[in-house]
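Undergrad:
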Amino acid sequence: MLKPSLLQSHDHAHCMREAIATAHTICQTKKIRLTPIRLRIFELIWSNHKAVGAYDLLEILQREDPKAKPVTIYRALDFLLAAGLIHKVASLNAFVGCSTPETSHHSVLLICDTCQNTNEVEAQSIYEAICEIGEKNAFQPQQPTFELHGYCAACCKKMETR
Ligand SMILES: [Zn+2]
Ligand SMILES: [Zn+2]
Ligand SMILES: [Zn+2]
28 MLKPSLLQSH DHAHCMREAI ATAHTICQTK KIRLTPIRLR IFELIWSNHK
78 AVGAYDLLEI LQREDPKAKP VTIYRALDFL LAAGLIHKVA SLNAFVGCST
128 PETSHHSVLL ICDTCQNTNE VEAQSIYEAI CEIGEKNAFQ PQQPTFELHG
178 YCAACCKKME TR
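Take the sequence shown: its position 147, counted from the start at 1, is 174 in our numbering, and no numbers get skipped.
Below, the structure is given as C-alpha cells:
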C-alpha cells in the first residue's frame, strides 16, 4: 500500500503491472472472465491514482474505438466492482483501482481535492466504530468504503511554498 507522500513520485508502471497481474489471478480463482474490454477499462482506471468518471473513460475509449458506447463502460465497471477490483468513489461519482483486491477489507479513500490523487488505506477500526453506532441505533450499515476529502502531503507542501 502506498504512503501518501509516495503517491506523487513512484514507479507507477510497477503499480500497474502488479494490479493487472493480481486482477488476472483473481478472475482465474473466481472463474470469471476478464475480457479484453474489461481489462482495457481496468488499465485505464489504473493509468494513475486519480478517480476517473465513466464519461471520461468513454471519451478515452472512443479515441481507440469510435463505436464504444456508454453501456460498454457501465457493464465493464459493474463487472470490475462485483469482482472487487475497483472501488466506486461515491462523492465524485468516479472509480479508482483497489489496492488490495485479494483480501476482503474495509478501507478509507483519502482523496486529495487539489490533485485528485486517491490513496486507499485500511480502516477496520472506522468500520467497527460505524457498526457500533449502527447497532446502538438498530441500523445495519452497508458501506464497504469510506471517503475522506482533504489535501495530500505533496499538495500541502506546494501550498506552503506558494
Ligand atoms: Zn502508482
Ligand atoms: Zn480496496
Ligand atoms: Zn494532492
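Cβ coordinates follow ideal geometry from the N, Cα and C atoms, glycine included.
Distance, Cα to Cα, K94 vs Y101?
TA: Approximately 15 Å between the Cα atoms of the pair.
Undergrad: Please check if any C-beta of chain C sits within less than 8 Å of the C-beta of I72.
TA: Of the protein chains in the structure, only one exists, and it is not chain C.
Undergrad: Would the C-beta of E147 count as close to ligand 2, meaning under 7 Å from any of its heavy atoms?
TA: At least one heavy atom of ligand 2 lies less than 7 Å from the C-beta of E147.
Undergrad: Quick one: what's got a C-beta closer than 6 Å to C54's C-beta in the same chain, skipping five residues either side?
TA: L61
Undergrad: Considering only heavy atoms of ligand 3, does any lie closer than 7 Å to the CB of A78?
TA: no
Undergrad: For a test of your reading of the model: does the CB of C125 fall under 7 Å from any non-hydrogen atom of ligand 1? Yes or no.
TA: no
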